[in-house]
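Novice:
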Ligand SMILES: NC(=O)c1ccc[n+]([C@@H]2O[C@H](COP(=O)([O-])OP(=O)(O)OC[C@H]3O[C@@H](n4cnc5c(N)ncnc54)[C@H](OP(=O)(O)O)[C@@H]3O)[C@@H](O)[C@H]2O)c1
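Printed below as a string of structure tokens:
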């Protein structure tokens, strides 16, 4: 991300939202902005604009760029929504799915944990097999596809620290 796209100029609290070009991230950016956060959002392949949101392109699978993003943005909190959320794509591109859906959240959570930055990431109810719904957070996972398997691995791999929170999403698109 280029410095002039990301550097906040005032002392407002800064929220970094990854995946701002995606369904969840795009909506979260606007909610956070309305709540008074200075919002910095990221996209990868799909450039987006949002009023009063600073946006920058990044491939989060590049660990050095990820570190540099945190150095430049200096967020007070990170909500990580970037992912490959297409289960069929994950099934046929499992290496890419593993990089984006496992390595990226684990690495980003680790960097945030080291810096004491509150970090929230999004998982999915597809970590469960669907046989015993409704599920509780503490129920054992049993994914039936690569997407669910990788999300479950990400849940396991993020560091267990007080500033790290996970959230399982159920499908939200209309
Ligand atoms: N929406 C739902 O119903 C639902 C249900 C269950 C769980 N979830 C979870 O909620 C989160 C958000 O889902 P969503 O529906 O908003 O996903 P989405 O619309 O597919 O958006 C995915 C976002 O991730 C970004 N991204 C993908 N690869 C990237 C990379 N290598 N580097 C940087 N950014 C990258 C995309 O950027 P570009 O488009 O710019 O390339 C896009 O902004 C995901 O973790 C998903 O698994 C969503």
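Residue numbers (this note's numbering): 3 to 176.
Glycine included, every Cβ here is placed at the ideal spot set by N, Cα and C.
1) Since residue 130 is in the beta strand (DSSP E), which residue starts that stretch and which ends it?
2) Can you give the beta carbon distance from residue 22 to residue 62, rounded, assuming they're within the 8 Å contact cut?
3) Residue 87: beta carbon under 7 Å from a heavy atom of ligand 1?
4) For residue 100, tell me which candidate among 137, 25, 154, 49 has the shortest Cα-Cα distance.
5) Consider the C-beta atom of residue 61 and the heavy atoms of ligand 1; say whether any pair is separated by less than 7 Å.
6) So what's residue 152 in DSSP terms, helix, strand or just coil?
7) Closest to residue 139 by CA distance: which of 170, 160, 102 is it?
8) Could you say which of 67, 24, 95, 115 lies nearest to residue 79 if we only look at CA atoms?
9) Would residue 19 be called buried (16 or more neighbouring beta carbons within 10 Å of its own) or exposed?
10) Whole-angstrom Cβ separation of residue 159 and residue 108, contact assumed at under 8 Å?
11) Can you tell me whether residue 36 is buried or exposed? The criterion is at least 16 other CB atoms within 10 Å of its CB, across all chains shown.
12) Does the count of Cβ pairs from the segment 127 to 136 and the segment 71 to 85 closer than 8 Å reach three?
Specialist: If we stick to the structure as given:
1) Locating residue 130 in the chain shown gives position 128, where the first residue counts as 1. Looking at the DSSP string, residue 130 is not in any beta strand (DSSP E), and its letter there is neither H nor E.
2) Taking the first residue of the chain shown as position 1, residue 22 is located at position 20. Taking the first residue of the chain shown as position 1, residue 62 is located at position 60. Not really, about 12 Å apart at Cβ, beyond 8 Å.
3) One-based indexing of the chain shown puts residue 87 at position 85. Yes, since a heavy atom of ligand 1 falls inside the 7 Å radius drawn around the Cβ of residue 87.
4) Your numbering for residue 100 matches position 98 in the chain shown. When each option's Cα is compared against that of residue 100, the closest is 154.
5) For the purposes of this step, residue 61 is taken as residue 59 along the chain shown, with counting starting at 1. For ligand 1, at least one heavy atom lies less than 7 Å from the Cβ of residue 61.
6) On the chain shown, residue 152 is found 150 positions in, with the first residue counted as 1. If DSSP states are grouped into helix, strand and coil, residue 152 belongs with the helices.
7) Within the chain shown, residue 139 is the residue found at index 137, counting from 1. Ranking the options by Cα distance to residue 139, first place goes to 170.
8) Translated into positions along the chain shown, residue 79 becomes position 77. Nearest option by C-alpha distance: 115.
9) Sequence index remark: in the chain shown, residue 19 carries index 17 (1-based). Buried, by the Cβ-count rule.
10) Within the chain shown, the letter at position 157 stands for residue 159. Within the chain shown, the letter at position 106 stands for residue 108. That pair is a contact at about 4 Å.
11) Taking the chain shown and counting its residues from 1, the one referred to as residue 36 is at position 34. So residue 36 ends up on the exposed side.
12) Two segments are said to touch when three or more pairs of C-beta atoms, one from each, lie closer than 8 Å; by this definition the segment 127 to 136 does not touch the segment 71 to 85.
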